[in-house]
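Chemist: Each residue of the sequence shown is one higher than the one before, starting from 1 at the first, in the UniProt record's numbering.
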Amino acid sequence: MNYKIEILDNHKMVYVRNTGEYGSPENFQMMKDFKKWFFYNQLENNKKTQGIVGIAQDAPRITPSEQCRYDLLLFTDKDFSQDPQVNMGYFEGEKYAVFIVTHITEAVGSFWENINEHISKTI
1 MNYKIEILDN HKMVYVRNTG EYGSPENFQM MKDFKKWFFY NQLENNKKTQ GIVGIAQDAP
61 RITPSEQCRY DLLLFTDKDF SQDPQVNMGY FEGEKYAVFI VTHITEAVGS FWENINEHIS
121 KTI
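#1: In chain order, what residues of the same chain have a beta carbon less than 8 Å from the beta carbon of residue 90, not counting five sequence neighbours either side?
#2: Look up residue 83 in the DSSP assignment and say whether it is helix, strand or coil.
#3: Looking at the strands, I want to know which residues DSSP matches up with residue 55.
#4: Quick one: grab the DSSP three-state call for residue 18.
#5: Using CA atoms only, rank isn't needed, just tell me which of 112, 4 and 55 is closest to residue 63.
#6: Give me, in chain order, the residues of the same chain whose beta-carbon lies closer than 7 Å to that of residue 101; leave out the 5 immediate sequence neighbours on both sides.
#7: What is the DSSP secondary structure of residue 6, reduced to helix, strand or coil?
#8: Once you ignore the five residues that flank residue 26 on each side, which residues in its own chain have a CB closer than 7 Å to its CB?
#9: To which residues does DSSP link residue 99 through a beta bridge?
#10: Out of curiosity, what's the CA-to-CA distance linking residue 74 and residue 60?
#11: Do you know how far the Cα of residue 8 is from the Cα of residue 50?
Right, dumping it as structure tokens:
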């Protein structure tokens with residue numbers, strides 16, 4: 001499993017969330033829509049310098065697939081609190097183990113199945 005330890009700073013962010021099975025067509029559509037949204041809002045430079053962060057919030061073996069939350073976020077200081085297409089939030093900076101996981105259902109499921117093993121290798 002590819003990973004790296006990173007110290008990430010505190011950031012304001014915009015994010016979108018889908019609730020449902022990981023790897024679903026809705027998750028792929030959410031990514032397409034989010035890319036269009038930040039292009040329209042002139043946030044391409046944010047994407048180039050910091051990337052889009054995808055966070056699978058729930059372990060599928062514990063959480064029913066229809067309740068699994070998947071977030072896409074982009075760091076920005078701009079205020080989009082009046083934009084109904086995105087949510088605003090705050091990313092808490094800290095030391096993180098960043099795992100590189102292919103965004104397909106099987107890979108995300110396998111990652112969560114073996115999360116304890118992955119984490120023990122980072123310590």
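Every residue gets a Cβ at the ideal spot worked out from N, C-alpha and C, and that includes glycine.
Modeler: On the basis of the data shown:
#1: Position 90 of the sequence shown holds residue 90. If we look at residue 90 and ignore the five residues flanking it on each side, its Cβ neighbours are 10, 11, 12 and 13.
#2: Stepping through the sequence shown from its first residue, residue 83 is reached at position 83. The three-state reading of DSSP puts residue 83 in coil, since its state is none of H, G, I, E or B.
#3: For the purposes of this step, residue 55 is taken as residue 55 along the sequence shown, with counting starting at 1. Paired residue(s): 71.
#4: Your numbering for residue 18 matches position 18 in the sequence shown. Of the three classes helix, strand and coil, the one that applies to residue 18 here is strand, per DSSP.
#5: Residue mapping note: residue 63 aligns to position 63 of the sequence shown, counting from 1. In this structure, 112 is the residue among 112, 4 and 55 with its C-alpha nearest to the C-alpha of residue 63.
#6: Translated into the one-based positions of the sequence shown, residue 101 becomes position 101. These residues qualify, in order along the chain: 107, 108 and 111.
#7: In the sequence shown, the residue the question calls residue 6 occupies position 6. When secondary structure is reduced to three states using DSSP, residue 6 falls in the strand class.
#8: Against the sequence shown, residue 26 aligns to sequence position 26. Result list for residue 26: 18 and 20, in chain order.
#9: Here the question's residue 99 lines up with position 99 in the sequence shown. Beta-bridge pairing links residue 99 to 3.
#10: As a working note, residue 74 is residue 74 in the sequence shown. As a working note, residue 60 is residue 60 in the sequence shown. Using only the alpha carbons, I get a separation of about 24 Å.
#11: Translated into the one-based positions of the sequence shown, residue 50 becomes position 50. Translated into the one-based positions of the sequence shown, residue 8 becomes position 8. Looking at the two C-alpha atoms, the distance is approximately 11 Å.
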